[in-house]
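Chemist: One structure, pasted below without further comment.
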Amino acid sequence: MGTDKISANEIKAKNRQNIYQYIRERGSVSKQEIVVDMQLSLPTVTANLDYLKKQGLIDTSGKIKHTGGRNATAFSYIKNARTAIGVDITANHITAVAVDLSGEIVSMERRRIQFNLEDDLYLREIGEVVECVKRDAQIADTNLLGVGISVQSLISNDGEYIEYGKALNFTRRRREEIAAYVPYRSRLVHDSYAAGYRETWTNHKFQNAFYISLSNSVGGSVIIDDAIYEGNTHKGGEIGHLEVVSEGGELCYCGRRGCFDTVCRAGKLTDYTEGSLEEFFHLLENGDETARSLWNTYLDHLSRAIHNVRMLFDGMVILGGYVGAYMGKYLDDIYRRVDERNPFGDRAKDYLVECQYKVEASAAGAALFYIDEFLENI
Ligand SMILES: [Zn+2]
């Protein structure tokens, strides 16, 4: 049994985190406001503000204007005091972003290149894309928190190796191989978890949510109380392998038949347009019969999955991934299909949304791992 007593050091650390968090939320505050609002002593607040300033995390150059009397020093937080980088590796692209302490993307680079861990040039390209956003965002080595690498696979607990990576056939490959040319702290992150986390990190109405990633493969993540629920063995949310076609289903990359992945991966649409999702939606908009029929079948499967997710979790449902990024126009149609299935009368328009972050979601989410780590240990 642990003891309930919190040590003096823990209280000190908690006060520091709370004061920093308070300044982050408010943007700019006076010392007096912190003392009054947080009910802390003046010496405690002063000591912590001195510490935060020394760390280069807050700025004291501004003034808060008072009517009458002296203007007080404004304590404001410096968003780019630290930065994290996230990289997303997919079959045909490497995307990297630099993310500041507010979660904002301050630099982005996306290159089209075929995934191939056997090719040294490919590994060098990963390193170069990282250097590119680091240079562009002018991040000093000392201010770089780390590099999160999002991959299309299940990841070991310590972020060190690929536990299951059949989509790109790289099971058991290790972080140090993938990040051979990334000379900074790094870790691997499951792409669907990263993308889902990206959505909820900046939007707290997603406190409880399920993120469905509709890309070249289908993934998902469960978000409970603003945190990713990974399950007992880091497979929580693997909606892609729900068995949805009972007989004669198409073969899934996992080796089984009838998985949700086989009916809602992006390829179900883009096989018709030589891999181009843009072209698919262009044809759909222009009344192409085949595109319309494919889309109709796709939405039928998708709406069933959304309904099932809602029945299980009763939270928000976010449509993400490549296809999710095109959903805006078609939401009314999806709402109708989902509502027809709902026995309780709750309306899909109240819980179903398209993702806010499009191609960069997984990369940015992977970077947030390091932003969180920093904020928790300030
Ligand atoms: Zn499967």
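Be aware that the sequence shown starts at -17, since it is given in the working numbering, and climbs by one per residue. Built from N, CA and C at the ideal position, the CB exists for glycine as well. Note that this is a predicted model, so its numbers are computed, not measured.
1. Sorry if obvious, but does the Cβ on residue 283 come closer than 7 Å to a heavy atom of ligand 1?
2. Is it the case that the CB of residue 246 approaches a heavy atom of ligand 1 more closely than 7 Å?
3. May I ask you to list the residues that DSSP assigns as paired with residue 326?
4. Fully enclosed by the region 280 to 320, which beta strand (DSSP E) runs are 3 residues long or longer?
5. Assign residue 327 to buried or exposed, taking buried as 16 or more other Cβ atoms, counted over all protein chains shown, within 10 Å of its Cβ.
6. In three-state DSSP terms, what is residue 225?
7. Kindly indicate which three-state DSSP category residue 109 falls into: helix, strand or coil?
8. Is it buried or exposed for residue 293, if we count other Cβ within 10 angstroms and need 16 for buried?
9. Kindly indicate which residue of 15, 34, 21 and 344 has the alpha-carbon position closest to the one of residue 357.
10. For the beta strand (DSSP E) holding residue 210, just list the boundary residues, first then last.
11. Report back the beta-carbon spacing between residue 156 and residue 350 to the nearest angstrom; my notes put them in contact at under 8 Å.
12. Does the distance from the C-beta atom of residue 30 to that of residue -3 stay below 8 Å?
13. Could you compute how far the alpha carbon of residue 291 sits from the alpha carbon of residue 274?
14. Kindly indicate which residue of 171, 161 and 126 has the alpha-carbon position closest to the one of residue 145.
15. Can you tell me whether residue -16 is helix, strand or coil according to DSSP?
16. With residue 19 as the anchor, note down where its alpha helix (DSSP H) starts and where it stops.
17. When every heavy atom of ligand 1 is checked, does at least one fall within less than 7 Å of the C-beta of residue 238?
18. Thinking C-alpha only, which one of 24, 210 and 329 is nearest residue 314?
19. Can we say the region 98 to 106 touches the region 158 to 166, given the rule of at least three CB pairs closer than 8 Å?
Modeler: Reading it off the structure:
1. Residue 283 Cβ: outside cutoff for every heavy atom of ligand 1.
2. Not under cutoff, so the answer is no.
3. DSSP lists no partner for residue 326.
4. Correct list: 298 to 302.
5. With fewer than 16 other Cβ atoms within 10 Å, it is exposed.
6. Reduced to three states, the DSSP call for residue 225 is strand.
7. Shown here, residue 109 sits in a helix according to DSSP, grouped into three states.
8. Residue environment for residue 293: exposed (fewer than 16 other C-beta atoms within 10 angstroms of its C-beta).
9. Nearest C-alpha to residue 357 among 15, 34, 21 and 344: 34.
10. Its beta strand (DSSP E) spans residues 209 to 211.
11. Actually they do not touch by this definition, with Cβ atoms about 23 Å apart.
12. Between residue 30 and residue -3, the CB-CB gap stays under 8 Å.
13. Going from the Cα of residue 291 to the Cα of residue 274 covers about 25 Å.
14. Cα-wise, what sits closest to residue 145 is 171.
15. Summary for residue -16: the model assigns pLDDT 47, below 50, so the residue's position carries little reliability, and this model does not support an answer.
16. Boundaries of the alpha helix (DSSP H) harbouring residue 19: 13 to 20, taken from the DSSP string.
17. Yes, ligand 1 has a heavy atom inside 7 Å of this Cβ.
18. The option with the nearest alpha carbon to residue 314 is 329.
19. With the cut-off at 8 Å, the region 98 to 106 and the region 158 to 166 touch.
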